[in-house]
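Convert by adding 6 to the 1-based position in the sequence shown; the result is the number in this note's numbering.
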Amino acid sequence: MKKTNILRIAHLSALFILGLTGCMSEKARFVDPAQAQDTPLTAEANNTTPSTLVEMLPTQIFASSAVNEEPIKKDPQEPNMIRTPRGANELDLETPLRCNVNWETQQMVLTLPYEKSAFKLERNGHNDPLPRFEVTGFDFEMMPAEQAIVKLTKEAGIRVSSADGPYTSISATDLKGELSAVLKMIADSAGIYYTYDAKDKILTLSRRVNMTLSTPPSRPIILGLMDVIRGAGITDIVTNWADYTITFDADIETQNKMVELINFFENSPTLVAYDVSVFRLYPFDTSRDIEWKNMLQAFDFGSITTAQTGVIGRVLTTTNEISVEKLQQFLGNQATIEKVSEGKFVVPNLWLARFDIGKCSMPEADVYGMSILAKASLEKNNLIFTDVTMEETNGQVTNFKIRNKLGENFLIIGLPNELFGTNLPKSETIVFMVPRLIRTLKTNEKIKNKL
């Protein structure tokens with residue numbers, strides 16, 4: 007780096023420190039709790055009505071602070087880098103439950119008891135109580151949350167460490183109350199967490215923390231919760247099948263979703279389970295497409311109840327007359343059938359869940375990051391409305407909105423294999439799905455068997 011650049015950086019750093027010092031007015035006053043008046047925690051945001059506690063400002067306020075930052079350059083990965091063997095990575099404790107589908111004896115409706123008190127969401131890690139101080143007359147205007155917290159804790163002798171700032175800018179006037187309550191208000195408003203180390207008097211701020219969700223000892227319920235967590239975009243989760251807990255990193259938004267999901271089970275909800283089978287088809291005649299219209303002669307009229315077109319591909323709603331076995335018999339006259347994956351996932355009513363096809367894929371199959379996202383809702387007379395999205399490594403492939411009766415299946419056809427990294431002409435991927443219902447029944451008794 008040139009000398010002039012070094013001087014410029016030093017000059018900018020000095021200006022930042024001076025600006026930070028200047029914005030910390032002495033309106034925050036700490037008093038002994040014994041002498042403090044027992045007043046409620048209140049706030050009045052600048053230029054707002056008295057009922058406004060904290061005014062949130064757009065996160066774009068930080069855009070100017072990142073303009074001059076140089077992009078982080080990563081060295082290309084060494085192709086000969088030593089990695090964890092594939093066999094070790096493929097060990098998945100979900101496999102016996104997730105990838106076991108009995109197509110012969112499918113139970114369309116299952117009643118499942120569960121213990122409501124078993125649900126619990128807890129934050130992991132050590133977090134010491136904050137010192138007992140009373141805050142009076144604390145205000146700040148258009149200030150990033152970490153700077154406001156530095157100003158708040160300055161007189162208490164607490165150092166503040168920001169793990170992944172800067173954070174949202176907020177504004178408040180005349181905050182009063184105990185230090186921990188005021189700090190929680192600021193942290194919640196900015197969507198961040200804090201951890202306090204009393205020994206070193208360090209307060210660490212972060213957007214994410216590690217959390218554990220305890221669930222009833224029920225396999226369908228924990229599978230559904232895992233699918234919902236993955237549907238929220240969290241794929242790095244650890245499941246303990248001994249005590250039925252799920253551990254993951256979460257931000258404020260995800261934590262709120264998990265709390266909402268726990269509350270969802272208060273009223274004995276219905277879950278929608280999907281059995282899934284994915285195939286690749288390679289026509290014997292590589293100059294011709296699969297003749298799907300021949301299904302109209304191969305099966306009785308009415309076996310296919312609806313057909314609709316998506317962004318790519320089509321979805322057919324069928325009766326149980328068209329099973330996985332009969333479908334393969336029909337297709338075996340036209341193409342080589344390669345089984346890609348077979349498994350199941352569970353969707354709580356009106357929630358979004360994700361099924362990663364690779365979790366149940368055949369050893370030789372290249373799934374190319376394929377996954378299915380489904381949002382299900384149960385309507386009157388056992389009608390199921392499903393919003394299904396197919397994704398792969400580079401993003402969304404297609405989407406369908408499907409309305410079918412309980413006992414009907416749906417079949418997604420016409421997904422060109424080139425979408426999934428295979429360029430053989432006329433080949434395609436198909437997805438066969440069977441929806442089922444799981445009706446839950448809340449009980450206060452201990453569930454002895456892991457149903």
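For each residue, glycine too, the CB sits at the ideal point set by N, CA and C. Please read these numbers as outputs of a predicted model, since none were measured by experiment.
Checklist entry - Do N410 and T323 come within 7 angstroms of each other at the CB atom, strictly closer than that value? => result yes
Next on the checklist: Against chain C, with Cβ distances strictly below 7 angstroms, would S167 count as a contact?
Outcome noted: Absence of chain C from the displayed structure is noted, only one protein chain being present.
Checklist entry - Where D170 and S195 are concerned, what is the direct C-alpha to C-alpha distance, given to the nearest angstrom? => result Straight-line Cα distance between these residues: approximately 16 angstroms.
Item to check | Which of helix, strand or coil DSSP assigns to E297 | outcome: The DSSP-derived three-state label of E297 is coil.
Item to check | Residue nearest to E385 in terms of C-alpha spacing, selected from V373, L443, I243 and S168 | outcome: L443
Next on the checklist: Which of the three DSSP states is assigned to A256 in this structure?
Outcome noted: In the three-state scheme derived from DSSP, where H, G and I count as helix and E and B as strand, A256 is classed as strand.
Checklist entry - A238 by DSSP, collapsed to three states: which one? => result coil
Checklist entry - Out of curiosity, what's the CA-to-CA distance linking F125 and D295? => result 51 angstroms
Checklist entry - Are the CB atoms of G3 and F406 nearer to each other than 7 angstroms? => result Residue coverage of the chain in this structure runs from 7 to 457, which leaves residue 3 outside it and unanswerable.
Item to check | Nearest-angstrom Cα separation, counted from F254 out to I240 | outcome: 8 angstroms
Checklist entry - So is A72 buried or exposed if we call it buried at 16+ other beta carbons inside 10 Å? => result Interpretation of A72 is limited by its pLDDT of 36, a score under 50 that renders its predicted location unreliable; the figure taken from the coordinates is listed afterwards. By the neighbour-count rule (16 or more Cβ atoms within 10 Å), A72 is not buried but exposed.
Item to check | Spatial neighbours of D101 in its chain, beta-carbon cut-off 8 angstroms, leaving aside the 5 residues before and after | outcome: The identity of residue 101 in the sequence shown is Thr, whereas the question assumes Asp. Hits under 8 angstroms: K365 and C366.
Item to check | Touching by the beta-carbon criterion (3+ pairs, under 8 angstroms), the segment 101 to 110 and the segment 189 to 204 | outcome: no
Checklist entry - Are there three or more Cβ pairs, one per stretch, closer than 8 angstroms when the segment 246 to 265 is compared with the segment 420 to 432? => result no
Item to check | Identity of the residue in I228, T260 and D257 nearest W247 by Cα | outcome: I228
Next on the checklist: Judging by CA-CA distance, which residue of L127, I208, D306 and T392 is the nearest neighbour of N269?
Outcome noted: L127
Item to check | Cα-Cα separation, K345 to I363 | outcome: 12 angstroms
Checklist entry - Over what stretch of residues does the beta strand (DSSP E) that includes S292 continue unbroken? => result Note on residue identity: the sequence assigns Thr, not Ser, to residue 292. T292 -> no beta strand (DSSP E), and no H or E assigned at all.
Item to check | Euclidean distance between Cα positions of L389 and S347 | outcome: If I take the Cα positions, the gap works out to 27 angstroms.
Next on the checklist: Let me confirm a value: K299 is counted as buried when at least 16 other C-beta atoms fall within 10 Å, else exposed. Which label applies?
Outcome noted: exposed
Item to check | At least 3 beta-carbon pairs within less than 8 angstroms: the segment 209 to 220 vs the segment 178 to 187 | outcome: no
Next on the checklist: Looking at the strands, I want to know which residues DSSP matches up with L181.
Outcome noted: F144
Next on the checklist: Per DSSP, what are the beta-bridge partners of I211 in this structure?
Outcome noted: Residue 211 is actually Leu in this sequence, not Ile. L211 pairs with S168 and Y200.
Checklist entry - From which residue to which residue does the beta strand (DSSP E) around R445 run? => result E434 to T449
Item to check | Assigned exposure category for E414 - 16 Cβ within 10 Å defines buried | outcome: buried
Next on the checklist: I'd like to confirm the pairing. Which residues does DSSP put opposite M368 in its beta bridges?
Outcome noted: None, per the DSSP bridge assignment.
Checklist entry - Which residues in the same chain as K452 place their Cβ atom closer than 8 angstroms to its Cβ, once the five residues preceding and following it in sequence are excluded? => result Once the five neighbours on either side are set aside, the close Cβ partners of K452 are E121.
Item to check | Given 8 angstroms, three or more beta-carbon pairs between the segment 324 to 335 and the segment 298 to 313 | outcome: Yes: at least three Cβ pairs fall under 8 angstroms.
Checklist entry - With C-beta atoms as the reference, is Q334 less than 7 angstroms away from I343? => result yes
Item to check | Where the beta strand (DSSP E) containing T342 begins and where it ends | outcome: A341 to P354
Checklist entry - Is D242 buried or exposed, if buried means 16 or more other CB atoms sit within 10 Å of its CB? => result exposed
Checklist entry - Does the beta-carbon distance from N133 to T201 come in below 7 angstroms? => result yes
Checklist entry - If we count the other Cβ atoms within 10 Å of its Cβ and call it buried at 16 or more, is N450 buried or exposed? => result exposed
Next on the checklist: On the DSSP bridge list, what partners appear for S383?
Outcome noted: F391
Checklist entry - Out of curiosity, what's the CA-to-CA distance linking R445 and L118? => result 6 angstroms
Checklist entry - How long is the line joining the alpha carbons of P64 and L158, rounded to whole angstroms? => result Reliability fails at P64, whose pLDDT of 36 lies under 50, so the model's placement of it is uncertain and the value that follows must be treated cautiously. One C-alpha to the other measures close to 22 angstroms.
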